[in-house]
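I have placed the structure first, in the form of structure tokens, so that the comments after it can refer back to it.
In mature numbering (1 follows the signal peptide of the UniProt record, and there is no 0), the protein residues as written are -28 to -1, 1 to 356.
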């Protein structure tokens, strides 16, 4: 017993270390800093606004350091931006389309900063503007006043990071095969049709691997469950597109089935094969398809930067691997695919880029390894 008692501090330390690993893995965070901590920055100077992805919303950079009480040209457009993504309601803007930075706008900025894990100041600092200007999905982050992106920042393992549409709509459980088709009229200019169909097929298959649903391509666009089309500007669904590097696409909740992409974007089918040939503003089709299919299934946005369901993505970025958070959300709606075996899931580094300094990790390998460590720890204690 004396030997066991003397080892108790070591055992406790080991359990604490493994628990930290599990906590960070569950949040989708890189674990390398636990082994080789990065030195703290020696400067407090605020980073410059990231203009590498500035497109439709690039004009917002003129609002740098704006705060409550300011009256600046462009604030009206910012209010419309926050209205589009749920941070302001229509009542707050209907009679307030002015360039005055009022209390309601400050509250919206703070809500946005919390959602994206930014310093909550209520001011338009460079980090906040960089995030605002990032190309993104057109689906709201806040629906009916609720944002699980914010609750998802809780470090507890019991808190989900994924979210659902209001009312938690899903496709009928009796319907195990969903058909999809591409519009014969509304297509992307200069897009290779075979390459486009292949990219979407891979995206659908990723979701089909984890839930008991199948997806089948059809040429009958009118009767398809999921209708895929490319549009520009106002196209009649209440969610107009706004040009390059703004709103990239949007998918509607079940059982609507509409999946629309902005025809004005520079869509790429070759980021995986040869990123060096991609243009500065190229957007990966397969990454956007994988994200929007998540919405078609009933998922909202996730607060994990590496997750497929995170709302923003930079140009020349590939993100198609479902993280555990993505998988958990889909399975919470539909259950698990009986044939799904996480241990057989392969991970191709070319399928996932690092974005915003956060590596989008394979959702199974790291977590499974840590669970094994936890199990072996218990075996060791029992052996003692």
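The C-beta atom is built at its ideal place from N, Cα and C for all residues, glycine as well.
For residue 240, there is no enclosing alpha helix (DSSP H); the residue is found in the beta strand (DSSP E) stretching over 238 to 240. Distance from residue 295 to residue 269 at the Cβ level is roughly 15 Å; contact not present, criterion being Cβ atoms closer than 8 Å. Taking 8 Å as the cut-off, the beta carbon of residue 103 is found closer than this to the beta carbon of residue 90. DSSP places residue 254 within a strand segment (E or B) once states are collapsed to three. Here residue 288 really is in contact with residue 247; their C-beta atoms are around 6 Å apart, less than 8 Å.
The alpha-carbon separation between residue 228 and residue 198 amounts to approximately 8 Å. Per the DSSP secondary-structure output, residue 152 pairs in a beta bridge with 189 and 198. Going by beta carbons, residue 71 and residue 112 fall outside the 8 Å limit. By the neighbour-count criterion, in which a residue is buried when 16 or more other Cβ atoms sit within 10 angstroms of its Cβ, residue 262 is buried. Taking 8 Å as the cut-off, the beta carbon of residue 94 is found closer than this to the beta carbon of residue 39. For the 8 Å CB-CB criterion, residue 148 and residue 186 form a contact. Secondary structure note for residue 75: its alpha helix (DSSP H) is the uninterrupted segment 75 to 87.
Contact between the stretch 177 to 185 and the stretch 143 to 158 is present: 3 or more CB-CB pairs across the two stretches fall below 8 Å. Contact between the stretch 242 to 257 and the stretch 267 to 282 is not established, with fewer than three Cβ pairs separated by less than 8 Å. Contact check for residue 217 and residue 253: beta-carbon distance about 6 Å, within the 8 Å limit, so the pair qualifies. Annotation for residue 205: no beta strand (DSSP E) segment contains it, and DSSP assigns it neither H nor E. Short of 6 Å from the beta carbon of residue 223, and not among the five residues preceding or following it, lie these beta carbons of its own chain, in chain order: 231, 264, 267 and 268.
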